[in-house]
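A.B. asks: Before I ask anything, let me first share the structure, which is written out below as structure tokens.
There are 2 protein chains.
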Amino acid sequence: METKILNVDLGERSYPIHIGEDVTASIGSLLADRGIKPGTSLLIVTDRNVAALHLDRIVGLLGQAGYKVGTYIAEPGEATKSLAVLQDIIGTALDTGLDRNSVFIALGGGVIGDLCGFAAASYMRGVRFVQVPTTILAHDSSVGGKVAVNHPKAKNVIGAFYQPEIVIYDTKLLLTLPPRDVRSGLAEVVKHGLIWDEDFTSWCNENAGRLLSLDLEALGEALYFGCKVKAQVVSEDEKENGLRAILNLGHTLGHALEAVAGYGELTHGEAISIGMVGAARLAGKMGYPGDIHTVTKALMEKFQLPVVIDAAYSTDDIMSAMQHDKKFRDGKMVYIVPTAIGKVKIDSSVSADMVRAVVDELKGGE
Amino acid sequence: METKILNVDLGERSYPIHIGEDVTASIGSLLADRGIKPGTSLLIVTDRNVAALHLDRIVGLLGQAGYKVGTYIAEPGEATKSLAVLQDIIGTALDTGLDRNSVFIALGGGVIGDLCGFAAASYMRGVRFVQVPTTILAHDSSVGGKVAVNHPKAKNVIGAFYQPEIVIYDTKLLLTLPPRDVRSGLAEVVKHGLIWDEDFTSWCNENAGRLLSLDLEALGEALYFGCKVKAQVVSEDEKENGLRAILNLGHTLGHALEAVAGYGELTHGEAISIGMVGAARLAGKMGYPGDIHTVTKALMEKFQLPVVIDAAYSTDDIMSAMQHDKKFRDGKMVYIVPTAIGKVKIDSSVSADMVRAVVDELKGGE
Ligand SMILES: NC(=O)c1ccc[n+]([C@@H]2O[C@H](COP(=O)([O-])OP(=O)(O)OC[C@H]3O[C@@H](n4cnc5c(N)ncnc54)[C@H](O)[C@@H]3O)[C@@H](O)[C@H]2O)c1
Ligand SMILES: NC(=O)c1ccc[n+]([C@@H]2O[C@H](COP(=O)([O-])OP(=O)(O)OC[C@H]3O[C@@H](n4cnc5c(N)ncnc54)[C@H](O)[C@@H]3O)[C@@H](O)[C@H]2O)c1
Ligand SMILES: [Zn+2]
Ligand SMILES: [Zn+2]
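Sequence order for the protein chains is G and Y. Going by the UniProt record's numbering, the first residue of the first sequence is number 1, and it counts up by one from there. Going by the UniProt record's numbering, the first residue of the second sequence is number 1, and it counts up by one from there.
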């Protein structure tokens, strides 16, 4: 596949995303083209899984290109997105003599991207950073500039809006992904179709098999499209004041399910798959065409993603997890509702009772 | 004294500084004028010393003005500027239900301003904040938007550039300051004269007695001028790419002395007092007029600030602390050198040997 280049348009903070098979092979020249001169000190932040599979090659390539390369290897998993690990990364940055001209490189999935991005935003009040995403889900997290770590009491609540210099997205690195992370990441790809483009949604439907089997051509297309939708939305609303909320299709219920299941039980993609089916069902109740629900549900099933809520989870718990999300007011809540395939609206007065009915139906497995 | 209002000109991030006796009495309407509507949730971050003296009154005033007020009381001292305390503040913010529309209020000296400012910059990726400085030194820290916490290995190395909505600087709150903090803060006031304005330097010399005895009229003048110089420099160089370095007069040596003495032994103002005398002495060696040194030294003595280095500190340690500061290269270093009273230049090739000679002379107490 040819490399595809997408520009995220954010004025002087604009940056390119390079997507393609083996794009990391030219990582050195890509950095140089973005003004990161050979000789610059880099700190690669990654996790143990990714390090075992891909770190040596990237370190070798950057070394050959004349960069000074340090590494920080974190434990895999959401718990790594913490201030404690951030402090540890900054310690490594200091020990290896990184200064204001140095560059952080996030080599990993969304956990590493969010963590390393916030470390870069904070180190000496901000140094440059580069995203080298290694998961499918990271097509979502690497675009948009939201970086953060978690607080023990809430996810992503300590962070910044901070844009990378470049995103280098090598589809070949995805070949080592565990199948569950493949499916989970594809849920966000499909979401980008459902909120923005009916044709791309059909394309996803037709190409589900190729995507699940990691056909690099199909993956490149899908990531390109997913990044493009996200980039368009973000360009229009960098600081999340309005439009950007449409990216949360399936997330109100999805987040609640993740919390109630206990983090890690359901992957993020699995949770929002159920969430998107729920939103489609809600749309039906609100009078939008019934095929939104049938198409959405069939699509998720095609991607081998869950579409029902485990009956063991209490509806009250799920509702109160949504309440905690601060999205309720006077029995009404803000909800992203699909109005057709490829279209959604932000509805700020959805009845909580109607949402509860949807939750119960999803538990019934209808 | 009449309230003085100064505008810090930073495009859409511009903000006003209100300086005067009892300006906090109208804190509610000042907030409302800046678009912070009554009903908004506020979190006041302060330290135990300041809380004991001033917190109840401020909470009362804000409550009367219709705000929802939470408080976080930290331990006094530099150790409070840590990620651990930041995490604790964020926990309180979550517990009290602060959302993206809420406002953090820094009530305290530079420690609280830096800490609370970074908490505000990071909480939910950035909420508004307000500075209510309670030390003289905070005229420096509350202007310019540098916020940060410390890493165990280095000061101020985790932070952001983040501007407040307004600075409310009530000279009356300064009446409770311990004398050593008064003198220390005045060292930075005098520095702003030495780098920028000969007339103001003379004014400081003539009014040292009034300032040391906390005459509110004189204090208001001094803080206004100090903030004005800082604001002008910062407006021209928000992200510290060039000019802003002149604010570091006395700081290269000053920081080294703080480190070698052990933090807390010398206050920051005491350390930079010696640093400014050192810079003046260096200027003499470099051929600039000798009165720079005599005037600077006399001025510091008038403010009861130290002008010599304790002979117990090793010159080697001091030199290597400066080296650690990354300001050396090939026996040369960047130094802010006074070229006249009220004028400095950034000299990037000062000989390290000459600096060493100055350190030795300062230890001799000449
Ligand atoms: N910033 C944003 O806008 C945004 C958007 C969506 C999600 N996120 C965040 O992203 C995170 C989830 O991202 P994720 O699903 O990529 O998680 P992740 O980074 O934890 O990666 C998932 C797992 O895959 C492993 N892995 C990564 N790349 C691999 C590869 N190439 N081969 C084999 N194993 C590999 C990892 O070690 C990990 O165990 C969450 O923390 C979420 O909050 C952020
Ligand atoms: N952000 C910047 O641009 C900048 C510039 C200069 C200094 N700083 C930072 O400022 C800090 C030093 O500031 P500081 O000297 O104000 O320290 P501080 O905040 O620790 O205050 C000094 C002491 O005075 C007490 N105090 C404060 N107000 C009082 C009052 N009204 N009455 C009685 N006691 C009071 C405090 O409890 C503390 O013990 C350092 O951390 C330094 O890094 C930041
Ligand atoms: Zn998501
Ligand atoms: Zn200072």
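Glycine is no exception: its CB is placed at the ideal position from the N, C-alpha and C atoms. Model, not experiment: these values are computed from the prediction.
(1) Do V179/G and ligand 1 come close, with the Cβ less than 6 Å from some heavy atom?
(2) I'd like to know if the region 266-277 of chain G and the region 182-193 of chain G are in contact, where contact means that at least 3 CB-CB pairs between them fall below 8 Å.
(3) Along chain G, in chain order, which residues have C-beta atoms closer than 7 Å to that of K153/Y?
(4) Can you list, in chain order, the residues of its chain with a C-beta nearer than 7 Å to that of V69/G? Leave out the 5 residues immediately preceding and following it.
(5) Which chain G residues sit within Cβ distance under 7 Å of G159/Y?
(6) Provide the residue span of the beta strand (DSSP E) that contains G66/G, from first to last.
(7) Tell me which residue opens and which closes the alpha helix (DSSP H) that S184/G is part of.
(8) Runs of 4 residues minimum, wholly inside the region 13-77 of chain Y: which ones carry the alpha helix (DSSP H) assignment?
(9) Collect the residues with a C-beta less than 6 Å away from any heavy atom of ligand 4 and give them in sequence order along the chain.
(10) State yes or no: is the beta carbon of Q304/Y nearer than 7 Å to at least one beta carbon in chain G?
(11) Of all the CB atoms in chain G, is at least one closer than 7 Å to the CB of L83/Y?
(12) Less than 7 Å between the C-beta atoms of L137/Y and G110/Y, yes or no?
(13) Using a Cβ-Cβ cut-off of less than 7 Å, list which residues of the region 17-44 of chain Y approach chain A; keep chain order.
(14) In chain Y, which residues lie with their C-beta within 8 Å of the C-beta of K146/G?
(15) Looking at the structure shown, is S348/G part of a helix, part of a strand, or coil, going by DSSP?
(16) Is the CB-CB distance between I336/Y and L249/Y below 7 Å?
(17) With a threshold of 7 Å between beta carbons, is Q87/Y in contact with chain G?
(18) Quick check: what's the CA-CA separation for L211/G versus L98/Y?
(19) Excluding five sequence neighbours on each side, which residues of the same chain lie with their C-beta closer than 7 Å to the C-beta of residue 426/G?
(20) Determine the contact status of A148/Y and D114/Y, defining contact as a CB-CB distance below 7 Å.
(21) Would the beta-carbon of V8/Y be found less than 6 Å away from any heavy atom of ligand 2?
(22) Does the distance from the C-beta atom of L299/G to that of N207/G stay below 7 Å?
(23) My guess is that I274/Y and I309/Y are in contact by the Cβ rule of under 8 Å, so how many angstroms apart are they, rounded?
(24) Between which residues of its own chain and Q304/G is the CB-CB distance below 8 Å, once the five residues before and five after are set aside?
(25) Pick from I73/G, A79/G, M124/G and R356/G: whose alpha carbon is nearest that of N150/Y?
(26) Distance, Cα to Cα, L219/Y vs D181/Y?
(27) I think A79/Y touches G28/Y, with their Cβ atoms under 8 Å apart; what is that distance to the nearest whole Å?
(28) Rounded to whole angstroms, how far is the Cβ of L173/G from the Cβ of T24/G, which I believe are closer than 8 Å?
(29) Within the chosen definition, does the region 153-172 of chain Y reach the region 119-134 of chain Y through at least 3 CB pairs nearer than 8 Å?
(30) For N49/G, count neighbouring Cβ atoms within 10 angstroms of its own Cβ and tell me buried if that reaches 16, exposed if not.
(31) State yes or no: is the C-beta of T46/G within less than 7 Å of the C-beta of I89/G?
(32) Mind checking which residues open and close the alpha helix (DSSP H) that includes V277/G?
(33) Please name the residue, chosen from P76/G, P152/G, E238/G and S314/G, that lies closest to L257/G on a Cα-to-Cα basis.
(34) Please return the same chain residues whose Cβ sits closer than 8 Å to the Cβ of R281/G, not counting the five positions on each side in sequence.
C.D. replies: In terms of the structure at hand:
(1) The residue you asked about is not Val; residue 179/G is Pro in the sequence shown. Checking every heavy atom of ligand 1 against the Cβ of P179/G, none is found closer than 6 Å.
(2) yes
(3) G91 and L94
(4) L42, I44, V59, L62 and G63
(5) S122 and R125
(6) G66/G -> no beta strand (DSSP E), and no H or E assigned at all.
(7) P179 to W196
(8) 27-33 and 56-64
(9) D140/Y, E188/Y, H251/Y, H268/Y and I272/Y
(10) no
(11) yes
(12) yes
(13) Chain labels in this structure do not include chain A; the protein chains are G and Y.
(14) R125
(15) strand
(16) yes
(17) yes
(18) 42 Å
(19) Limits of chain G in this structure are 1 at one end and 366 at the other, which puts residue 426/G out of reach.
(20) yes
(21) no
(22) no
(23) 6 Å
(24) R183 and L212
(25) M124/G
(26) 14 Å
(27) Actually they are not in contact, since the Cβ atoms of A79/Y and G28/Y sit about 33 Å apart, beyond 8 Å.
(28) 7 Å
(29) yes
(30) buried
(31) no
(32) H268 to K285
(33) S314/G
(34) H293, V358, E361 and L362
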